[in-house]
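In our numbering, the protein residues as written are 1 to 84.
All C-beta atoms in this analysis are idealised placements derived from N, C-alpha and C, irrespective of residue type, glycine included.
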């Protein structure tokens, strides 16, 4: 079903909105100046993490470089093994 109305019935205020009042992250296109919702979830700033962590679980989701200590020692490997 289509509803056709004349231009005189159109209220332009229905298209005016303030993106800052809506939930989520919004961005404005540089060329068209239109606001759109970002497809990516906002990630708050992460504080700097220490270079050495207590265990590998503290580094989950931070793309860690993990040094394996026990595996080489238990298998007689004389080099450092890193997994990332």
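Checklist entry - residue 53 by DSSP, collapsed to three states: which one? => result Reduced to three states, the DSSP call for residue 53 is coil.
Checklist entry - When you compare only the Cα positions, how much space is there between residue 35 and residue 72? => result Taking the Cα positions, residue 35 is about 54 Å away from residue 72.
Checklist entry - Which residue or residues does DSSP assign as beta-bridge partners of residue 36? => result 27.
Checklist entry - Thinking just about the alpha-carbon of each residue, which of 49, 74, 26 and 28 is nearest to the one in residue 61? => result Considering only alpha carbons, the answer is 49.
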